[in-house]
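Residue numbers (this note's numbering), protein chains in the order written: chain A, 1 to 232; chain B, 1 to 449; chain U, 1 to 77.
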């Protein structure tokens with residue numbers, strides 16, 4: 001069984017936001033409009049935060065892309081009252097849009113604030129041309145439910161189908177999410193953390209690797225590679 | 001059957017039932033129009049989505065959850081206080097219990113309703129029954145609120161039975177039928193009285209742990225998450241203390257209004273406000289103690305995530321709410337409740353009004369600042385301003401509470417008639433006998449040996 | 001309303017309370033069934049269900065004790 005994980009090299013990331021754009025297109029995240037976005041309601045499964053450290057002129061700026069951390073012990077899953085969010089195959093935290101009652105407890109519980117809510121019927125309100133341009137592999141979300149990054153789970157399903165067609169073991173299928181493909185700086189690595197031959201598994205063990213809010217015990221599967229000047 | 005109730009003792013308690021007050025229809029109309037407006041606002045929200053509220057990300061909970069906690073808190077006035085007073089055989093409880101219990105039943109439903117208002121997909125609420133999971137604190141809430149609702153409805157109903165039988169003697173038409181059914185064949189035989197007292201006593205004991213569990217579990221919704229200033233072991237007891245505190249304030253306000261509207265000065269006397277004022281004082285001190293403990297711990301620990309929330313409350317965006325809360329819950333009510341001279345009807349009512357505002361603010365500033373300041377220093381801060389929809393639904397909740405109380409007052413006596421009679425006729429004997437048993441310094445134990 | 005009608009509604013009253021209580025109990029049972037099926041915090045769910053379930057049984061008992069007790073005690077004057 002795979003345990004899908006991601007490594008993002010912050011020293012390579014140049015903050016171009018191509019990953020976020022690819023993510024939005026791939027997973028049918030609807031544009032919410034200016035006024036909604038200003039209220040803090042924009043839906044971007046992969047959000048990019050800016051981190052500034054030091055003082056001018058010795059200023060250091062980093063862009064930190066944040067998809068769902070796909071925790072191994074996800075706080076959002078613990079609080080869901082209806083099994084709408086759960087730890088699915090390959091350690092991917094899944095969301096059942098047809099089950100979700102929209103209580104937003106998972107949003108309140110998620111320390112990374114990477115769960116998003118459909119305050120209006122955003123996807124359904126798009127013009128027909130945009131509706132047609134949607135990715136048919138990913139269902140658009142109705143009003144009133146929570147959505148989140150799925151590590152492009154639909155691509156995993158496709159990869160498994162393909163493996164079956166080619167007579168390979170579907171459990172060993174490998175796939176790549178849209179953000180990884182789109183990154184021009186090749187800063188995003190994706191793969192099976194439990195398979196020691198993958199680059200992801202190797203980088204996750206690197207001394208440069210850390211995870212966000214590791215001390216909370218959520219065990220995220222998204223690793224960040226940072227410059228470590230002060231460590232041997 | 002329909003003897004004139006006016007010749008009976010305690011006729012004033014039956015007057016609102018058998019004689020329609022002249023303000024009844026205007027008040028009913030007003031309340032219904034507020035509720036109708038709230039219903040229209042909810043219709044908008046149902047049709048368009050929760051976007052019509054001011055909620056956003058990261059502040060994904062706002063007024064509805066605040067009101068949920070607030071109303072569930074008020075509900076502790078009733079059954080819990082009445083149960084404690086009954087168990088401790090406090091004689092002055094007699095005119096208060098019914099009013100308190102009815103607050104619980106009315107407000108508990110409204111509190112639960114606020115969770116439903118908050119749902120993005122109310123049409124899927126059946127999923128909670130079909131696929132609910134007990135790991136989620138929300139299900140703990142659903143279970144314990146259902147239990148509290150059932151128990152307090154029963155606890156309201158049982159002492160009502162003899163009163164319904166009294167009313168039946170004067171009622172005709174559909175009222176006669178209703179009272180006939182609900183009096184469960186009450187004739188006041190000795191055996192019936194014994195069964196009734198046994199049930200009341202048992203329910204009083206049973207209701208206390210349920211009531212405490214309810215607000216503890218409401219607190220757990222927050223404290224079970226890892227969010228800064230929520231993840232705190234003190235939250236359960238802190239919420240329970242706050243609930244009893246705000247519940248007492250609500251009880252005093254309701255008592256004062258009913259006293260004035262239904263001319264119950266003979267029943268709800270200054271002494272009752274005095275005693276409840278003392279309880280309120282104790283709870284105010286408790287509340288202040290808990291608040292100090294909670295905030296000092298966070299401050300001293302100096303954990304960065306918590307400090308962001310802490311300073312947003314102390315000096316930042318929410319400082320106004322925070323210090324108003326401290327004023328309303330502690331600083332201003334304290335002198336009103338400490339001095340005997342102020343601890344009269346007016347003084348306690350003013351203190352209670354302040355405390356109601358203060359406790360609502362407390363719920364608000366527990367929920368919103370923690371959500372607006374997520375733990376990670378990378379994460380964006382949020383802001384929250386409630387929209388007119390949320391304000392309207394809140395107004396609707398209050399109107400619904402008054403409406404339920406108004407309808408109740410037209411059906412059942414607000415002060416327990418049989419308990420008032422029992423108080424007049426038997427209390428002195430009972431209390432004298434009770435005190436006789438533990439007269440000090442008479443060397444009785446020695447004799448027995 | 002005559003005595004017969006009143007009695008009918010009284011039985012209806014006690015029946016509806018009983019049905020409500022049983023509905024809550026079956027809800028709790030359903031949650032346990034799901035927890036077992038999905039192997040989702042089975043112990044915790046069982047713990048909560050035992051406490052909550054017995055509480056609702058007790059409430060049901062109190063109501064029936066009251067109802068039938070008052071009914072029987074009516075005759076002994």
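Quick reminder that beta carbons are idealized off the backbone N, C-alpha and C, glycines included.
Bear in mind that the values here come from a model prediction, so they are computed numbers and not experimental data.
Buried versus exposed call for residue i [16 or more other C-beta atoms within 10 Å across all chains shown]
i: residue 164/A; result: exposed
i: residue 127/A; result: exposed
i: residue 183/A; result: buried
i: residue 375/B; result: buried
i: residue 88/B; result: exposed
i: residue 54/A; result: exposed
i: residue 145/B; result: buried
i: residue 42/A; result: buried
i: residue 149/A; result: buried
i: residue 262/B; result: buried
i: residue 205/B; result: exposed
i: residue 94/B; result: buried
i: residue 66/U; result: buried
i: residue 440/B; result: exposed
i: residue 271/B; result: exposed
i: residue 147/B; result: buried
i: residue 223/B; result: buried
i: residue 173/B; result: exposed
i: residue 171/A; result: exposed
Residue i (DSSP reduced to helix, strand or coil)
i: residue 214/B; result: helix
i: residue 39/U; result: coil
i: residue 1/B; result: Reliability fails at residue 1/B, whose pLDDT of 44 lies under 50, so the model's placement of it is uncertain and no value is given.
i: residue 71/U; result: helix
i: residue 162/B; result: helix
i: residue 106/A; result: helix
i: residue 153/A; result: helix
i: residue 17/B; result: helix
i: residue 381/B; result: coil
i: residue 235/B; result: helix
i: residue 160/A; result: helix
i: residue 142/A; result: coil
i: residue 195/B; result: helix
i: residue 3/U; result: helix
i: residue 461/B; result: Lying outside 1 to 449, the shown extent of chain B, residue 461/B is not represented and no answer is given.
i: residue 8/B; result: coil
i: residue 254/B; result: helix
i: residue 169/A; result: coil
Cutoff 7 Å: residue i Cβ touching any chain C Cβ
i: residue 61/B; result: Reference to chain C is not applicable here, since the protein chains of this structure are A, B and U.
Where the beta strand (DSSP E) through residue i begins and ends
i: residue 6/A; result: 4 to 9
i: residue 116/A; result: 115 to 117
Range covered by the alpha helix (DSSP H) that runs through residue i
i: residue 147/A; result: Where residue 147/A is concerned, there is no enclosing alpha helix (DSSP H), although the beta strand (DSSP E) it sits in stretches over 146 to 148.
i: residue 394/B; result: 388 to 411
i: residue 176/B; result: 173 to 182
i: residue 125/B; result: Run containing residue 125/B: none; DSSP gives neither H nor E here.
i: residue 131/A; result: 128 to 132
i: residue 28/B; result: 24 to 48
i: residue 151/B; result: 137 to 157
i: residue 431/B; result: 417 to 437
i: residue 182/A; result: 178 to 182
Note to self: Tell me which residues of the stretch 184 to 201 of chain B have at least one Cβ-Cβ distance to chain U shorter than 7 Å, keeping chain order.
What the structure shows: Listed by position, the residues of the stretch 184 to 201 of chain B near chain U (Cβ gap below 7 Å) are 184, 185, 186, 187, 189, 191, 192, 195, 199.
Margin query: Quick check for students: name the residue ranges of the alpha helix (DSSP H) that lie wholly in the stretch 11 to 95 of chain A, counting only runs of 4 or more.
Written below: Within the stretch 11 to 95 of chain A, the complete alpha helix (DSSP H) runs of at least 4 residues are 18 to 26, 34 to 38, 75 to 79.
Next item on the list: Note down, in chain order, all residues in the stretch 114 to 127 of chain A with a beta-carbon under 8 Å from any beta-carbon belonging to chain B.
Entry: Within the stretch 114 to 127 of chain A, 116, 117, 118, 119, 120, 121 place their CB atoms closer than 8 Å to a CB of chain B, listed in sequence order.
Next item on the list: Would you list, in sequence order, the uninterrupted alpha helix (DSSP H) runs of no fewer than 4 residues that lie entirely inside the stretch 53 to 111 of chain B?
Entry: Segments of the alpha helix (DSSP H) lying fully in the stretch 53 to 111 of chain B: 63 to 87.
Item checked: Selection of the stretch 7 to 21 of chain U by Cβ proximity to chain B, strictly under 7 Å -> Here the close residues are 9, 10, 13.
Notebook entry, point to check: At which residue ranges does the stretch 188 to 232 of chain A contain complete alpha helix (DSSP H) runs of 4 or more residues, listed in the order of the chain?
Noted result: You should have 199 to 204.
Check: Hey, which unbroken runs of the alpha helix (DSSP H) at 4 residues or more fall wholly within the stretch 278 to 361 of chain B?
Finding: The stretch 278 to 361 of chain B contains these whole alpha helix (DSSP H) runs: 304 to 314, 319 to 326, 333 to 338.
Next item on the list: Using a Cβ-Cβ cut-off of less than 8 Å, list which residues of the stretch 139 to 162 of chain B approach chain U; keep chain order.
Entry: Listed in sequence order: 139, 140, 143, 144, 146, 147, 150, 151, 154, 158, 161.
Check: In the stretch 48 to 66 of chain A, which residues sit with their C-beta less than 9 Å from some C-beta in chain B, listed in chain order?
Finding: Against chain B - using a Cβ distance shorter than 9 Å - the residues of the stretch 48 to 66 of chain A are 49, 50, 51, 64, 66.
Note to self: Output needed in chain order: residues of the stretch 34 to 65 of chain B with a Cβ under 9 Å from some Cβ in chain A.
What the structure shows: So the close ones are 48, 49, 50, 51, 52, 53, 54, 55, 56, 57, 58, 59, 60, 61, 65.
Check: Between the stretch 107 to 130 of chain B and chain U, which residues of the former have a C-beta closer than 8 Å to a C-beta of the latter?
Finding: Hits within the stretch, in order: 129, 130.
Notebook entry, point to check: Between the stretch 160 to 181 of chain B and chain U, which residues of the former have CB atoms less than 8 Å from a CB of the latter, in chain order?
Noted result: Of all residues in the stretch 160 to 181 of chain B, only 161, 176, 177, 180, 181 place a beta-carbon less than 8 Å from a beta-carbon of chain U.
Next item on the list: Could you run through the stretch 30 to 45 of chain U and flag, in chain order, every residue whose CB is less than 9 Å away from some CB of chain B?
Entry: Going along the stretch 30 to 45 of chain U in chain order, one finds 30, 31, 32, 34, 35, 38, 40, 41, 44, 45 with a Cβ nearer than 9 Å to chain B.
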